[in-house]
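In what follows, a structure is listed as structure tokens, so that the remarks can point back to it.
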Amino acid sequence: MTINNENAGVNVGIDVGKFQLDIHIWERDRHFIVENNEAGIREALKTLKRYRLERITMEATGRYEMAFASMAFEMGMPVAIVRPILVRQFAKAADQLAKTDKLDAKIIARFSAIMQPRLTTQRSKNLQLIKDLVTRRRQLINMRTQESNREKVSGKETARSCNRLIKAINKDIEWTENKLAKAVDDEPAWSERKQLLDSVPGVGNALVWTLLSEMPELGTLNNKEIAALAGLAPINRDSGKTKGKRRILGGRHNVRTTLYMATLSATQCNPVIGRFYKHLVGQGKHKKVALTAAMRKFLTILNAMVREGQGWAY
């Protein structure tokens, strides 16, 4: 149900496409389309500026939403970039089965008005560069792993092709890591946090870069909140007398993946994490369950260190 009170704030939903933006203003039941380029975005922002905005909500599409978000941030507009799965689940709950760009924009606007998602913090150009480089490094490492696996099962001629690609990928990884190190050093607000994280056995550059760029909340939340943010908080699955198996769910996948590899290393070189992991395995816990618990403990230790401003002293 839309609201026609002219003094009320409005929620805007934008379905982001490669070439166009479908925009719906929920409280006014108004829909319009602009091209997803600088001229189209300026036209859309000029229209939206006439309203008292509660939030402009968009799905994270990878990159196509960034041009609009950047220009909206420059104008001081409230922007919320949300995970697509949240909108899809909301649409199912609202029994909206049909799917068009216009309907998607409308359901995003409705989601914005009812769920009131958290506003997204504006990133500086350097912070966006760091995030992009972290993502690119992860992509390159995945590509290298794929080629390495192919090389092992290929004949001599195709193995040479794989080997040439691996060498090229290694050069690109080295270039990316050098750019990352420089970009992180150019972010003065991170220097203290980086120094704290670097002091921990088992924490390498990959985890430091990922935590700084993709989990800026580190040090500002309590242990349960930071674990939930990374998708490491066990979720209850109980009903009546049935006690279901608790599982981790949701959260920031990239943070969790990088933390997984760091924790594997930490079980060997970090005395606290190593003892904790071995203790759980000794009690009969499955190794994956024990490693997940070690990941959660590792993250909460790092969170406490950043919050208290104290280096590794365990």
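First residue of the sequence shown? That's 183 in the working numbering, and the numbers climb one at a time after it. All residues carry an ideal CB built from backbone N, CA and C; glycine is no exception.
Determine, using beta carbons only, whether residue i and residue j come nearer to each other than 8 Å.
i: serine 252; j: lysine 313; result: no
i: proline 383; j: alanine 475; result: no
i: leucine 311; j: alanine 365; result: yes
i: arginine 232; j: asparagine 193; result: no
i: leucine 411; j: arginine 434; result: yes
i: isoleucine 196; j: isoleucine 289; result: no
i: isoleucine 408; j: asparagine 345; result: no
i: threonine 445; j: isoleucine 455; result: yes
i: serine 330; j: isoleucine 348; result: yes
i: leucine 473; j: tyrosine 496; result: no
i: isoleucine 355; j: arginine 320; result: no
i: lysine 376; j: leucine 315; result: no
i: valine 198; j: threonine 243; result: yes
i: asparagine 308; j: aspartate 368; result: yes
i: asparagine 436; j: threonine 392; result: yes
i: leucine 414; j: leucine 481; result: yes
Between which two residues does the beta strand (DSSP E) carrying residue i extend?
i: alanine 365; result: From DSSP, alanine 365 is part of no beta strand (DSSP E) but of the alpha helix (DSSP H) over 338-367.
i: glutamine 202; result: 202-207
i: alanine 249; result: That residue, alanine 249, is in no beta strand (DSSP E); its alpha helix (DSSP H) goes 248-256.
If we count the other Cβ atoms within 10 Å of its Cβ and call it buried at 16 or more, is residue i buried or exposed?
i: isoleucine 296; result: exposed
i: isoleucine 223; result: buried
i: arginine 245; result: exposed
i: threonine 402; result: exposed
i: isoleucine 263; result: buried
i: aspartate 204; result: buried
i: isoleucine 267; result: exposed
i: glutamate 374; result: exposed
i: arginine 478; result: buried
i: methionine 183; result: Its pLDDT being 46, under 50, methionine 183 is placed unreliably in this model, and the value from its coordinates should be taken loosely. It is exposed - the Cβ of methionine 183 has fewer than 16 other Cβ atoms within 10 Å.
i: leucine 279; result: exposed
i: histidine 206; result: buried
i: glutamate 247; result: buried
i: alanine 226; result: buried
i: arginine 438; result: buried
i: methionine 397; result: buried
i: asparagine 219; result: exposed
i: isoleucine 250; result: Checking the sequence shown, residue 250 turns out to be phenylalanine, not isoleucine. Phenylalanine 250 is buried by the Cβ-count criterion.
i: methionine 257; result: exposed
i: alanine 221; result: exposed
i: threonine 340; result: exposed
i: threonine 327; result: exposed
i: threonine 125; result: The first residue shown for the chain is 183 and the last is 496, placing residue 125 beyond what the model contains.
Within the continuous alpha helix (DSSP H) that includes residue i, where are the two ends?
i: methionine 240; result: Run containing methionine 240: none in the alpha helix (DSSP H); it sits in the beta strand (DSSP E), 235-241.
i: valine 454; result: 453-464
i: glutamine 377; result: 373-380
i: serine 294; result: 283-297
i: asparagine 125; result: The requested residue 125 is not part of the displayed model; the chain covers only 183 to 496.
i: alanine 409; result: 405-411
i: lysine 479; result: 469-490
i: arginine 305; result: Taken as a continuous stretch (DSSP letters only), arginine 305 belongs to no alpha helix (DSSP H), as it is neither H nor E.
In the DSSP output, which residue or residues are listed as bridge partners for residue i?
i: asparagine 193; result: Arg237
i: glutamate 217; result: Gln202
i: alanine 262; result: Thr239
i: arginine 224; result: Looking at the DSSP assignment, arginine 224 forms no beta bridge with any residue, so it has no partner.
i: arginine 212; result: Ile207
Out of the options, point me to the one whose CA is closest to residue i's CA.
i: asparagine 352; options: Gln298, Glu339, Asn324, Arg332; result: Asn324
i: arginine 300; options: Glu256, Cys451, Pro260, Lys467; result: Pro260
i: leucine 378; options: Phe458, Val390, Thr317, Arg305; result: Val390
i: glycine 491; options: Pro453, Met443, Asp380, Arg457; result: Asp380
i: alanine 275; options: Leu362, Phe293, Thr482; result: Phe293
i: arginine 270; options: Phe250, Glu333, Gly258, Glu241; result: Glu241
i: valine 216; options: Trp208, Leu230, Glu209; result: Leu230
i: arginine 234; options: Asn219, Trp208, Ala287, Phe250; result: Trp208
i: threonine 282; options: Pro453, His213, Arg457, Pro398; result: His213
i: glutamine 298; options: Tyr442, Cys451, Ser306, Phe272; result: Phe272
i: threonine 317; options: Ser343, Arg332, Thr358; result: Thr358
i: arginine 489; options: Leu400, Met443, Lys470; result: Leu400
i: alanine 254; options: Arg326, Arg265, Asp286, Arg305; result: Arg305
i: asparagine 387; options: Met443, Lys406, Gly191, Lys338; result: Met443
i: alanine 287; options: Thr327, Gln202, Thr340, Gln328; result: Gln202
i: glycine 493; options: Ala363, Leu285, Lys284, Val385; result: Val385
Considering only heavy atoms of the ligand FMN, does any lie closer than 7 Å to the CB of residue i?
i: threonine 340; result: No copy of the ligand FMN occurs in the structure displayed, which carries no ligand at all.
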